[in-house]
Every structure is written in structure tokens, then in C-alpha cells.
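Note sheet for the following structure.
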Amino acid sequence: MKASDIIRDAVTQVAGMRQTAAARPALAQALGAVKRFQARRFAGSYADLLESAQYRGAARFFLDELYSEKDYSQRDAQFARIAGALERLFPQPVVQTAVALAQLHCLSEELDLALAQSWAEHAALAEVARYLTAWRCVARRAERNRQLETVLHIGHELDRLTRKPGLRMMLRMMRAPARAAGMNALQQFLESGFDTFAAMGGKGDGARSFLATVQSRESTLFDLLFDAETVACETEMTRLLGLAR
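For the sequence shown, my numbering assigns the number 101 to the initial residue and increments by one for each residue that follows.
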């Protein structure tokens with residue numbers, strides 16, 4: 101399947117899931133609560149990196165662009181509108197990164213919606229217990245692993261792109277055409293990701309070390325959420341939320 105078709109299909113699926121949530125106010129409220137909880141959990145899991153001079157930018161990029169509760173509808177609309185032009189205007193490695201981003205967004209929305217449906221059914225529980233119950237009701241460990249693998253793939257691709265001579269200059273030259281084509285949000289994502297990983301790349305093995313940390317901590321979290329005793333899991337999640345800023 102062509103990159104443009106994959107992107108359009110992913111965006112269409114996300115739009116359909118948003119419509120499903122919007123049609124049910126209680127579900128929409130639960131979806132917002134799940135996303136806020138997860139953003140706080142991520143901020144807690146990486147509180148040390150968010151305070152680190154070396155890794156602050158990368159941790160903030162992941163939090164804002166991949167784990168955030170913010171509305172990505174503008175970026176989605178641009179993806180759908182310019183999916184065909186994307187293959188003509190950007191180098192192939194950049195196109196493939198955009199494809200991975202669209203697929204990640206679709207999978208994340210699907211999992212978040214499933215969590216929200218279960219969250220809404222367990223309103224009597226306290227916040228942490230409610231999230232844990234929803235997580236275990238939904239399960240889908242294979243999809244969770246795929247979600248993490250895609251996040252790491254995007255990170256590694258952004259790191260690899262920083263090593264391509266002249267690509268940063270090309271991205272700067274793309275600003276005007278991107279703006280004219282209505283691709284501002286995508287352009288900003290690419291430039292932000294490029295600059296974030298370029299900055300780490302200039303400090304030895306920074307990018308690979310950062311991504312290895314993400315892989316280790318998220319895998320440990322998955323094991324906790326899926327397998328740990330309830331009390332131990334709730335205690336650790338409460339601790340992480342307390343670290344969030």
C-alpha cells in the first residue's frame with residue numbers, strides 16, 4: 101500500500117473514533133480523563149529526564165508529541181489533505197517517519213478509546229484503581245508492545261535522519277512550500293524532532309541511551325500493569341503520579 105493511502109486510512113480511522121466519542125458525552129469525558137492520566141504518568145516516569153539538561157528536550161518532545169492529551173486534529177487534517185503531496189515534497193525517509201507517526205496515532209487512539217469505555221464503566225473506583233482495572237479489562241498486550249515498538253522506531257528514525265547531510269537545510273527550505281500546502285503542523289513536528297535528536301546526537305550516544313531508557317521503563321511498566329499484584333501496581337502508579345509536574 102502506498103504511503104499516502106496508509107496515512108489517509110489511519111486518519112480516517114482516528115476521525116471515526118473521535119466521532120464515536122463525541123456522540124457519547126460520558127465516553128468523551130472518560131477519554132479525556134484517560135489521556136490526562138497517561139500524560140501525568142509519563143511525566144512521572146521521566147521526571148528525572150525532564151529535569152536533565154541533556155534529555156529534557158527529548159523527554160518533552162515525547163510527552164508533547166507522542167504521549168500528550170492535546171488535540172492532534174489539526175495535524176491529522178493536514179495529513180489527510182496532503183498525503184499524496186507528502187511523497188512528492190519530502191525525502192522517502194521522512195515520508196516513512198510520517199507513515200509510522202500516523203499508524204502510531206491510530207493505534208494509540210484505538211487503545212485509549214477502549215480504555216475510556218472501561219474507565220466509564222468503573223466510576224465507583226478511585227483514579228489509580230480505575231485505570232488499572234480498565235487496563236486489565238482491555239489487556240491487548242500485543243498491541244501495547246507494538247505501540248511501544250513504533251514509538252521507539254520513530255525515535256530511532258529521527259535520530260538517523262539527523263545524520264543525513266543537508267537534511268536540516270532541506271527542512272528549512274521546505275518551510276514556505278509546507279506553509280503554502282497547509283502542512284505547518286507536520287513541518288513543525290519534523291523540525292522539532294530533528295532538532296531534538298540532533299542536539300542529543302552531538303553529545304555522544306545520547307539519543308540511543310534515551311531510547312533505551314524509554315524501552316526499559318515502558319516495558320517495566322507494562323509488566324507491572326499486566327502482571328503485578330494489585331497493591332504493588334497501585335502503589336507504584338501513585339508514586340509516579342506524585343512525581344509528575
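Using N, Cα and C, we set each Cβ at its ideal position, and we do this for glycine too.
Just to confirm my understanding: we take G184, look at its own chain, exclude 5 residues before and 5 after, and list those with CB closer than 6 angstroms. What are they?
S104
Local Cβ density within 10 Å of D212, reported as buried at 16 or more and exposed below that
buried
Quick check: the stretch 130 to 141 against the stretch 284 to 301, are there 3 or more CB pairs under 8 angstroms?
no
Alpha-carbon spacing of T233 relative to I106, whole angstroms:
33 angstroms
Which class does L166 belong to by DSSP, given the choice of helix, strand or coil?
coil
Under DSSP, the alpha helix (DSSP H) around D148 begins and ends at which residues?
147 to 150
Cβ pair A130, A220 closer than 8 angstroms:
yes
Quick one: what does DSSP say L225 is sitting in, helix, strand or coil?
coil
Backbone secondary structure at M117 - three-state DSSP:
helix
Quick check on Q247: buried or exposed, where buried means 16 or more other Cβ atoms within 10 Å of its Cβ?
buried
By Cβ distance below 7 angstroms, which residues in the same chain neighbour R160 in space, the five residues on each side in sequence not counted?
L150
Is the distance from the Cβ of R140 to the Cβ of A344 below 8 angstroms?
yes
Less than 6 angstroms between C-beta atoms, sequence neighbours within five positions excluded: which residues of the same chain meet that for L341?
R140, G144
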